[in-house]
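Structure record follows, encoded as structure tokens.
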Amino acid sequence: MRMSRFVGQRLREAPRDAQTASHIFLLRGGYCRAVSAGIYTLLPLGRRITRKIEAILREEMDRIDGQEILMPMVLPGELWQESGRYDQVGQELLRFKDRNGKDMLLGMTHEEAVVQIARTELPSHKQLPVMLYQIQLKYRDEARPRAGLIRVREFTMKDGYSFHTSQECLEKYYQRAYQAYARIFKRIGLKHCLAILSDSGMMGGAVSHEFMAIADCGEDTIFASPDGQYCANREVACSKLAYVREQPLPLEKVHTPNCTSIEEVAAFLGKQTSQTGKAVFYKDSEGKLVFALIRGDLEVNEAKLRKVLQSPELNFADDDLIRAAGAVPGYASLLDLDLDRLRVVVDHSAAQSSNLVVGANQSDWHCLNFNFERDLPDKSKVQVADIATVRPGDPCPVSGQPLQMLKGIEVGNIFQLGTKYSAAMNCTYLDQDGKAKPMIMGCYGIGVGRAMAAVIEQSHDEYGPIWPLTIAPFQVHLIGLNHSRDDVREACEQLYQEMQDRGLEVLYDDRGEKAGFAFADADLLGIPLRVIVSPKTLASQEVEFKWRHWGKRSEMHSLNGLVESLQKQIQAALAEFSDAQDSP
RNA sequence: CGGGACGUAGCGCAGCCUGGUUUAGCGCGUUUGACUGGGGGUCAAAAGGUCGAGAGUUCGAAUCUCUCCGUCCCGACCA
């Protein structure tokens, strides 16, 4: 491709809206343009990259026996009513009516659509297992798109769905998918990518992993053990905290005027916050009050609590609701409370610690020496669970080592769905025994544009992206300096022709711009190999070449045999990514 | 949905507070020409604007008031 014809202007300055490296460089380099909040057009540069990522995705999905299909982005509401999600999912699902007034929606994920296919196309156990995948647009009406292509409303996703006759078969396939994902991210060039335990959220299902590209701008918080034995999303991460166990002392009421916060109470009584119990109130999906009790120095993890309560929604309760249940805000306590009027969840930290300071359920009074086992004889109305937010440095649940906190971009995820959708939507097969059974499903997603952005976050310098050869928009950037001179132009044209003949992907800067201008553009394009032709190099029948990741350093190479040499270097470099080709 | 900021040419900004010599400027980019030629060069000329939209105040509004829309940031939410 000749740069004089190539669409996508480089910008000297980034739009003010762009904050993260990937957002800035994607816009400055002319990879994409915003159309609306979280909605982008990919320009040729960006599209060339996503096509390469998509090609890798197809290869790896095919290698684990995936079959590509293409489902529509526009779906009838009734299909989602079958699974129950039409009403469950919130405003991220964009609903609208067609001209006949029929409920329609834009697909944000395709379980329903693929189940519709599976239940008609796969009637027999003999056909299973099967994995169907697609690379298709999704739409999620995000409340807050951000960071360029990292969090968008419309995006391309590779989503795959597997169908099995047994949990065992699903687990086996899940392992293959896991391996395929590891290969994919390696081939795409994501260097720091962790597979972590995650919350399956609205997807349902028991086991799931998220693949996180570690990057400071990532939205997800990860807790990782330094020895690599444990790695989990903050939403599910747990730790092995030690709890203070002592001989229980008698309950004692103490006057604590104007001490409505844990810090105030602890300071007033001369205690550590970890010697107190904190009451946190929420309102669940049905509007019922939730009383969460946790050790004073810890925070409630709402994602965990939501799961314990099986409540998709959870909001802080207002004081009126708390009072209505008979509790006193600021001094609330499980003691002297009618537990039928609310839901109670007690964190292990509060259930297992001895002699905590808790509220007395009376304004300006607390109780010393609360012991859960002793002081709440009727445990039937109380759930004890892990609802604590892990803190950096807390001990790893596996190794006991202090957990590190990392930020990550979720570039992919895999779920063992089980029969959630097949059961709800009557997706059954006839088994050997002649009985209809629901298929056991898994699902596997990767965001294409987000993966591209994540690569920039991990691989750039102050001048622009540094693309891995496997997904680079071009392999070679050929630049002619003093391009108006016949000898330079002719040498460039000849090289350009030869590179194309040999199948190299080459972008040829034939614009005749000044060196500084051309180099600055080249840095923003981030093409791995750069070849520079100028009167200076031609004087010795040479050209200059360098790898983008070298920075400004370069080497000379004789014109003779140049293209062959580049081809070899490219093959060698690609081979470094392709030990991923080994069978799992 | 809560908090904050912003909206003037493709991009970055000034002007607004204190309304009127503003025919709305500047830098980058774009077009034309010349000189240049190794890290966004110099000179000359040019094109490009419903000042986010609407209403109001005023003799007069980019500037003051109100409403709406849009965008970004923090939080909430997020298969």
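The numbering of the first sequence is our numbering, which starts it at -11 and goes up by one.
Yeah, the Cβ is synthetic: ideal placement off N, Cα and C, and Gly gets one too.
Asked: Which value, in whole angstroms, describes the spacing of the CA atoms of G192 and T407?; Found: Unreliable placement is indicated for G192, whose pLDDT of 47 sits below 50; the coordinate value is still reported in the next sentence. If you take the alpha carbons of G192 and T407, they lie about 10 Å apart.
Asked: Answer yes if the segment -7 to 0 comes into contact with the segment 421 to 439, meaning at least three C-beta pairs across the two stretches below 8 Å, and no otherwise.; Found: no
Asked: Less than 7 Å between the C-beta atoms of L302 and R311, yes or no?; Found: no
Asked: Can you give me the C-alpha to C-alpha distance between M190 and E532, rounded to a whole angstrom?; Found: Residue placement at M190 is flagged as unreliable, the pLDDT there being 44, under the threshold of 50; the coordinate-derived value follows with that caveat. Whole-angstrom Cα-Cα distance: 55 Å.
Asked: So, is A6 buried or exposed, given that buried needs 16 or more other C-beta atoms within 10 angstroms?; Found: buried
Asked: Give a yes or no on whether the C-beta atoms belonging to M119 and G148 are separated by under 7 Å.; Found: yes
Asked: Taking the alpha carbon of F173 as the reference point, which residue from E48, R128, C247 has its own alpha carbon closest?; Found: E48
Asked: List the residues that DSSP assigns as beta-bridge partners of L182.; Found: M200
Asked: Would you give the residue range spanned by the beta strand (DSSP E) that H354 belongs to?; Found: 353 to 358
Asked: Can you tell me where the beta strand (DSSP E) holding Y74 begins and where it ends?; Found: Element bounds for Y74: not the beta strand (DSSP E) but the alpha helix (DSSP H), 73 to 76.
Asked: Does the Cβ of Y451 lie closer than 6 Å to at least one heavy atom of the ligand FMN?; Found: By its list of ligands, the structure shown contains no ligand whatsoever, and the ligand FMN lies outside what it can speak to.
Asked: So for C219, helix, strand or coil by DSSP?; Found: strand
Asked: The beta strand (DSSP E) spanning G430 covers which residue range?; Found: 428 to 435
Asked: Please state if the CB of V316 and the CB of A373 are separated by a distance shorter than 7 Å.; Found: no
Asked: Express the C-alpha separation of N401 and R438 in angstroms, rounding to a whole number.; Found: 13 Å
Asked: Going by the beta-carbon positions, is the gap between I184 and I202 smaller than 7 Å?; Found: no
Asked: For the beta strand (DSSP E) that Y451 lies in, which residues bound it at each end?; Found: Premise fails: Y451 is in no beta strand (DSSP E) and is neither H nor E.
Asked: Should the segment 21 to 35 be called in touch with the segment 76 to 88, which here means at least 3 C-beta pairs below 8 Å?; Found: no
Asked: If distances are taken between C-alpha atoms only, which option among L457, L495, R46, S472 comes closest to L562?; Found: L457
Asked: Go ahead and label L237 buried or exposed: buried means 16 or more other beta carbons lie within 10 angstroms of its beta carbon, across all protein chains shown.; Found: exposed
Asked: Identify, in the order they occur along the chain, each residue of the same chain with its Cβ nearer than 8 Å to the Cβ of D208, setting aside the five sequence neighbours on each side.; Found: E198, M200, N221, R222, K395, G396, I397, E398
Asked: For F573, tell me which candidate among T244, A267, T264 has the shortest Cα-Cα distance.; Found: Because the chain spans -11 through 572 in this model, residue 573 falls outside it and cannot be assessed.
Asked: Can you check DSSP and say which residues form a bridge with F505?; Found: Its beta-bridge partners do not exist; DSSP assigns none.
Asked: Say whether the segment 113 to 132 touches the segment 63 to 72, bearing in mind that this needs 3 or more beta-carbon pairs closer than 8 Å, one atom from each stretch.; Found: no
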